[in-house]
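Enquirer: Chains as they are written, first to last, in my numbering: chain A, 1134 to 1377; chain B, 21 to 332.
Built from N, CA and C at the ideal position, the CB exists for glycine as well.
Note that the structure is a prediction, hence the values are computed from the model and not measured.
Just dropping this structure here.
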Amino acid sequence: MGWLVVLFDQVSVQYGAGPQILRDISFTLAPGSFHFLVGRSGAGKSSLLKLMYLGLRPSSGTVSLFGRDVASLSRRDFPAIRRRVGVVFQDFRLIPHLSALDNVALPLRVAGVREADIRRHCGELLSWVGLADHLGALPETLSGGQQQRVAIARAVIARPNLLLADEPTGNVDDVIGLRLMYLFEELNKLGTTVVVATHNDSLVSRFTHRQLRLEQNSLRVFDPAQPGRSRPAAAASPSSPGPA
Amino acid sequence: MLGLRSDLPLDRDAAARFLPWILGFMVYLAALAIGAAMVVDRLADRWQAGLTGNLTIEVPFDPDLGVTEKSIVIDRIVDVLSATPGIAGTTLLDDREIARLLEPWLGVSATELDIPLPALIAVTLRPGVVIDRASLQAGLAAIHPGTTIDDHGAWIDDALAFLRGLNLLAALLTGLVLAATTLTIVFVTRTGLSIHRGVIEIVHLIGATDSYVAQQFQAQALRHGLVGGAFGTLLAAATLLGIDQLLKQSAALAGALPAAQLDGLDLAPGMGLDLRLLPWQWAVLALLPVATAFIAMLTARWTVLRSLARLV
Chain A
1134 MGWLVVLFDQ
1144 VSVQYGAGPQ
1154 ILRDISFTLA
1164 PGSFHFLVGR
1174 SGAGKSSLLK
1184 LMYLGLRPSS
1194 GTVSLFGRDV
1204 ASLSRRDFPA
1214 IRRRVGVVFQ
1224 DFRLIPHLSA
1234 LDNVALPLRV
1244 AGVREADIRR
1254 HCGELLSWVG
1264 LADHLGALPE
1274 TLSGGQQQRV
1284 AIARAVIARP
1294 NLLLADEPTG
1304 NVDDVIGLRL
1314 MYLFEELNKL
1324 GTTVVVATHN
1334 DSLVSRFTHR
1344 QLRLEQNSLR
1354 VFDPAQPGRS
1364 RPAAAASPSS
1374 PGPA
Chain B
21 MLGLRSDLPL
31 DRDAAARFLP
41 WILGFMVYLA
51 ALAIGAAMVV
61 DRLADRWQAG
71 LTGNLTIEVP
81 FDPDLGVTEK
91 SIVIDRIVDV
101 LSATPGIAGT
111 TLLDDREIAR
121 LLEPWLGVSA
131 TELDIPLPAL
141 IAVTLRPGVV
151 IDRASLQAGL
161 AAIHPGTTID
171 DHGAWIDDAL
181 AFLRGLNLLA
191 ALLTGLVLAA
201 TTLTIVFVTR
211 TGLSIHRGVI
221 EIVHLIGATD
231 SYVAQQFQAQ
241 ALRHGLVGGA
251 FGTLLAAATL
261 LGIDQLLKQS
271 AALAGALPAA
281 QLDGLDLAPG
291 MGLDLRLLPW
301 QWAVLALLPV
311 ATAFIAMLTA
321 RWTVLRSLAR
331 LV
């Protein structure tokens, strides 16, 4: 892959006439990198993620995904880009009338995968996240943590090139939280670029991955391998995964 | 496409639940209109075929003219007619037949009234032959002044104009039903898009194309079109058969004939009020559910794609 997975250049976001949520953000994500996106609540983490899954257009600046300038994309180009991006939404966004298995199967179905393969892959993944006994369960019958695991399984089932997770461990206990992080690392080892947005400092501190820190609407990169050196965001290279 | 699995719970929408019934009613009206149009077409063909091959010669007589003189005139006219190329045969109508023809206007005792009745000669033409009517008219008038030829042209023209009007009405009704059906599907589809906006957004963010979303709606429209179309067509077929049976019974009562004897005959001689459809016409009606489903599917797809294209 000769291109960067994500490139932000002087990107700002402003909703209507309100204040700027993000101001002149510039950074890049190389293929196979793993980053935490940290910042206090309301710092703009979700908006930054939205820009990366084409849920939002920047007010100014350039956003490129997989080497393509988002501004040059037509509506018809969106599905192909979005299929390369897995998203774990903070509010899960499971489809209420679909079973856990069917929710997880959705990315494969929209991609036209054969039904027999879908059943097998989804069953295996849901078993891996501890939901083997809940394949046919509707989201409303699952606990918050179980719903979150379904959401994560849906985000990773199609082995995306870029995985964006917005507070993925917010509703699970520490054991499950770590297990999910290891799942993200496994995907990262297979080449997926991972961005995990969280305000859980204890979780972040257990890993050596680089951190994209949103502070006062601006972004800084912090590398735990070189503590004390925090710099304005620039090109981010692949980082070595693994718990600290 | 007819699979039951759907990412959107469209069948739970209140508007969509009534769609098969609405479509069924629309198809019922359309099937009746189309069925009526086909009956009218057959009727027009029968009337035209039955009357264009015939002429009626009307010979008015002075009441004081003797029977012998009348007979001589009629014989001479029949001779001229028989010698005219293109005429296959002539039949002099007797008093009983003339009375039957006049019955609608003069009642059952027309022949007993003291009014002069003309002699009527029914002429049968050879198929496809056009006779020189002006020359024949002149020849007959030379034998007996006042003799006229009635080729029923004016009556046929009026009747056909009336039937064409009925056909136009049926086409108009079918068009209105089609427009109402299309608008109903557009409305239901837009309602569905609005209700399921959240789920559609998720499906889009996961990578679904607009076409994938449209497939969900068009599959539902196809199912409802088939169900509603079949229901409406069957009901219309039952209605047409019921009306046909009622007409037969009415005619049988009026003519004191058993209904069974009317099978295969025109209910009223010369009018042909037979509502039965031919096999190919039933086949056309049987295609209505399929056509309805197809139209519903295309309309739903067009509505979804058009609505989603406006989103960004």
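Tell me whether S214 (chain B) is buried or exposed, calling it buried when 16 or more other Cβ atoms sit within 10 Å of its Cβ.
Expert: Residue mapping note: residue 214 (chain B) aligns to position 194 of the second sequence, counting from 1. Label assigned to S214 (chain B): exposed.
Enquirer: At 9 Å on the CB atoms, spell out the chain A contacts of V324 (chain B), in chain order.
Expert: Taking the second sequence and counting its residues from 1, the one referred to as residue 324 (chain B) is at position 304. Chain A residues near V324 (chain B): none, gap ~14 Å exceeds 9 Å.
Enquirer: Starting from the C-beta of A35 (chain B), find all residues in its chain whose C-beta is less than 6 Å away, skip the five residues before and the five after it, and write them out in chain order.
Expert: Looking up residue 35 (chain B) in the second sequence gives position 15. For A35 (chain B), where only same-chain residues beyond five positions count, the Cβ hits under 6 Å are V208 and T211.
Enquirer: Output needed for H244 (chain B): all residues of its chain with C-beta closer than 7 Å, excluding positions within five of it in sequence on either side, in chain order.
Expert: For this step, residue 244 (chain B) is matched to residue 224 along the second sequence. So the qualifying residues of the chain are L39, P40, L43 and A316.
Enquirer: Measure from the alpha carbon of G1245 (chain A) to the alpha carbon of each residue in B:R153, B:Q235 and B:R32, then state which is nearest.
Expert: Here residue 1245 (chain A) refers to the residue found at position 112 of the first sequence. Nearest C-alpha to G1245 (chain A): B:Q235.
Enquirer: Considering only the beta carbon of each residue, do T312 (chain B) and T204 (chain B) sit closer than 9 Å?
Expert: Locating residue 312 (chain B) in the second sequence gives position 292, counting from the first residue. Locating residue 204 (chain B) in the second sequence gives position 184, counting from the first residue. No. Outside cutoff.
Enquirer: Starting from the beta carbon of V223 (chain B), find every residue of chain A whose beta carbon is closer than 9 Å, and list them in chain order.
Expert: Here residue 223 (chain B) is taken as the residue at index 203 of the second sequence, counted from 1. Per Cβ cutoff of 9 Å: I1228, L1239 and V1243.
Enquirer: Helix, strand or coil, according to DSSP, for S155 (chain B) in the structure here?
Expert: Position 135 of the second sequence, counted from the start, is the residue given in the question as residue 155 (chain B). Here S155 (chain B) sits in helix by DSSP.
Enquirer: Using a Cβ-Cβ cut-off of 6 Å (strictly less than) and excluding sequence neighbours within five positions of G159 (chain B), which residues of its own chain qualify?
Expert: Taking the second sequence and counting its residues from 1, one reaches residue 159 (chain B) at position 139. So the qualifying residues of the chain are V100.
Enquirer: Counting C-beta neighbours from all protein chains within 10 Å, is the total for F1225 (chain A) 16 or more, i.e. buried, or is it exposed?
Expert: Here residue 1225 (chain A) refers to the residue found at position 92 when the first sequence is read from its first residue. That one is buried.
Enquirer: Could you tell me which chain B residues have their CB closer than 9 Å to the CB of R1208 (chain A), listed as they occur along the chain?
Expert: By 1-based counting over the first sequence, the position of residue 1208 (chain A) is 75. In chain order: D230, L328, A329, L331 and V332.
Enquirer: DSSP three-state call for D1157 (chain A): helix, strand or coil?
Expert: Here the question's residue 1157 (chain A) lines up with position 24 in the first sequence. Strand at D1157 (chain A).
Enquirer: Where does R330 (chain B) fall in DSSP's three states?
Expert: Taking the first residue of the second sequence as 1, we reach residue 330 (chain B) at position 310. Note: R330 (chain B) maps to coil in three-state DSSP.
Enquirer: Per DSSP, H1168 (chain A) forms a beta bridge with which residues?
Expert: As a working mapping, residue 1168 (chain A) is identified with position 35 in the first sequence. DSSP, once it has assigned bridges, lists A:V1328 and A:R1343 as partnering H1168 (chain A).
Enquirer: Which two residues bound the contiguous alpha helix (DSSP H) that contains T88 (chain B)?
Expert: Reading the second sequence from its first residue, position 68 is the one you call residue 88 (chain B). Unbroken alpha helix (DSSP H) run through T88 (chain B): V87 to A103.
Enquirer: From what residue to what residue does the alpha helix (DSSP H) around A1238 (chain A) run?
Expert: If you number the first sequence from 1, residue 1238 (chain A) lands on position 105. Element bounds for A1238 (chain A): A1233 to V1243.
Enquirer: Compare the beta carbon distance of L1336 (chain A) and L1155 (chain A) with 9 Å and say whether it is the shorter of the two.
Expert: For the purposes of this step, residue 1336 (chain A) is taken as the residue at position 203 of the first sequence. For the purposes of this step, residue 1155 (chain A) is taken as the residue at position 22 of the first sequence. No, the Cβ-Cβ distance between L1336 (chain A) and L1155 (chain A) is not below 9 Å.
Enquirer: So, using beta-carbon positions, are G55 (chain B) and L305 (chain B) closer together than 9 Å?
Expert: Translated into positions along the second sequence, residue 55 (chain B) becomes position 35. Translated into positions along the second sequence, residue 305 (chain B) becomes position 285. Contact flag set, yes.
Enquirer: Using only CA atoms, which one of A:Y1148, A:L1140, A:S1174 and A:S1166 lies nearest to R1343 (chain A)?
Expert: Sequence index remark: in the first sequence, residue 1343 (chain A) carries index 210 (1-based). That would be A:S1166, whose Cα lies nearest to the Cα of R1343 (chain A).
Enquirer: Taking 9 Å as the CB-CB limit, is G1256 (chain A) close to chain B?
Expert: Counting from one through the first sequence, the residue named residue 1256 (chain A) turns up at place 123. Answer no: the Cβ-Cβ gap between G1256 (chain A) and chain B never drops below 9 Å.
Enquirer: Measure the alpha-carbon distance for I118 (chain B) versus P136 (chain B) and round it to whole angstroms.
Expert: Within the second sequence, numbered from 1, the residue matching residue 118 (chain B) stands at position 98. Within the second sequence, numbered from 1, the residue matching residue 136 (chain B) stands at position 116. Going from the Cα of I118 (chain B) to the Cα of P136 (chain B) covers about 12 Å.
Enquirer: For chain B, find out if any of its Cβ atoms is closer than 9 Å to the Cβ of G1310 (chain A); answer yes or no.
Expert: As a working mapping, residue 1310 (chain A) is identified with position 177 in the first sequence. Not closer than 9 Å to any Cβ of chain B, the Cβ of G1310 (chain A) fails to qualify, so no.
Enquirer: Taking a contact to mean a Cβ-Cβ separation below 9 Å, would you say W67 (chain B) touches L183 (chain B) in this structure?
Expert: Mapped onto the second sequence, residue 67 (chain B) falls at position 47. Mapped onto the second sequence, residue 183 (chain B) falls at position 163. Contact flag set, yes.
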